[in-house]
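In what follows, a structure is listed as structure tokens, so that the remarks can point back to it.
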DNA sequence: CAAATAATTAGACAATTGCTTAATTAAAAA
DNA sequence: TTTTTAATTAAGCAATTGTCTAATTATTTG
């Protein structure tokens with residue numbers, strides 16, 4: 001959990017996560033999206049890997065990175081803990097079983 | 001968003017959030033839960049406040065802290081972005097204007 | 001008013017972070 | 001086999017972070 005929050009505590013790394021959400025990319029393709037040296041990006045990828053937020057596979061001289069949604073789910077679960085406790089009585093009306101939301 | 005992740009990138013601060021989820025507490029009561037000086041806790045509270053993760057109200061010489069779930073929701077929303085993309089087939093159907101969700 | 005209590009602010013310091021350039025490793029191409 | 005390409009590892013440095021003790025502010029109590 002510590003590693004997860006540490007990895008996400010950086011705008012560049014969160015942006016990498018967003019890029020990999022769209023599609024898998026090589027280290028170089030990721031670096032092309034930033035105005036920053038390749039070693040710096042490599043370092044960010046390393047931290048994301050330590051947190052298991054991303055996965056990597058080497059193919060020839062390229063390393064392909066992809067998002068690991070399992071780790072994201074883990075953080076989500078932590079946040080779910082803080083869903084407000086249901087009030088004892090909502091004006092004595094039973095809690096609804098479904099909710100209708102506007103999309104977008 | 002930056003401040004939110006920064007505030008949560010510390011085990012002590014996440015524990016404070018968990019304590020305040022259970023019930024509102026004064027600064028001193030929060031400090032009693034940690035083996036750490038009061039000024040340090042005060043500093044952590046300050047960072048949590050900057051991120052608007054907690055709220056404070058002064059009552060006499062005490063300061064009462066409580067959780068601000070709105071900010072937690074904001075982070076949750078960011079994570080929701082990474083829910084796996086809907087499969088292609090559904091894309092030939094017009095996007096629904098409302099969504100019916102199961103609660104709880 | 002003087003002393004005690006709750007909490008913060010100030011200042012200092014070691015550890016960590018994020019970046020850079022230079023060097024290294026590994027694979028592909030000439 | 002030499003050169004080029006993709007990427008990482010190494011080393012160094014300024015900025016930020018987390019902690020502490022000491023000082024300060026504000027409130028309550030004797």
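Residue numbers (the working numbering), protein chains in the order written: chain A, 1 to 104; chain B, 1 to 104.
We put the CB at the ideal spot given by N, CA and C, even for glycine.
The model shown is predicted, which means the values in this text are computed figures rather than measured ones.
**Item:** Simplified DSSP assignment, three categories, for residue 12 of chain B
**Value:** In the three-state reduction of the DSSP assignment, residue 12 of chain B falls in the helix class, which pools H, G and I.
**Request:** Could you check if residue 5 of chain A is buried or exposed, using at least 16 other CB atoms within 10 Å of its CB as the buried criterion?
**Result:** It is buried - the Cβ of residue 5 of chain A has at least 16 other Cβ atoms within 10 Å.
**Prompt:** Which chain B residues sit within Cβ distance under 8 Å of residue 9 of chain A?
**Reply:** In chain order: 5, 6, 8 and 9.
**Asked** Mapping DSSP to helix, strand and coil, what is residue 82 of chain A?
**Response** In the structure shown, the three-state DSSP call for residue 82 of chain A is coil.
**Asked** Taking the continuous alpha helix (DSSP H) assigned at residue 45 of chain A, which residues delimit it?
**Response** Taken as a continuous stretch (DSSP letters only), the alpha helix (DSSP H) holding residue 45 of chain A covers 38-50.
**Spatially closest choice to residue 1 of chain A from A/32, A/51 and A/70, by CA coordinates** = For the residues A/32, A/51 and A/70, the minimum Cα distance to residue 1 of chain A belongs to A/51.
**Asked** If you follow the beta strand (DSSP E) that residue 62 of chain B is part of, which residue opens it and which one closes it?
**Response** Segment 62-67, the beta strand (DSSP E) holding residue 62 of chain B.
**Prompt:** So what does DSSP say about residue 23 of chain A, is it helix, strand or coil?
**Reply:** Secondary structure of residue 23 of chain A (DSSP, three-state): coil.
**Message:** Between residue 106 of chain B and residue 44 of chain B, how many whole angstroms is the CB-CB distance? I'm expecting something under 8 Å.
**Reply:** Residue 106 of chain B is absent from the model: chain B starts at 1 and stops at 104.
**Contact list for residue 81 of chain B against chain A, beta-carbon separation under 8 Å** = Neighbours of residue 81 of chain B on chain A, chain order: 18 and 21.
**Request:** Find out if the Cβ-Cβ distance for the pair residue 68 of chain B, residue 53 of chain B is shorter than 8 Å.
**Result:** Taking 8 Å as the Cβ cut-off, residue 68 of chain B and residue 53 of chain B qualify as a contacting pair.
**Item:** Whole-angstrom C-beta distance between residue 31 of chain B and residue 38 of chain B, which should lie under 8 Å
**Value:** Rounded, the Cβ-Cβ distance is 5 Å, consistent with contact.
**Prompt:** Ordered along the chain, which non-local residues of its own chain (more than five positions away) have a Cβ less than 6 Å from that of residue 55 of chain B?
**Reply:** Here the set comprises 66 and 68.
**Prompt:** Can you give the Cα-Cα distance for residue 90 of chain A and residue 24 of chain A, rounded to whole angstroms?
**Reply:** Note that residue 90 of chain A has pLDDT 42, beneath the 50 cutoff, so the model's placement of it is unreliable and no number is given.
**Item:** Exposure of residue 75 of chain A, with buried meaning 16 or more beta-carbon neighbours within 10 Å
**Value:** Buried is the call here.
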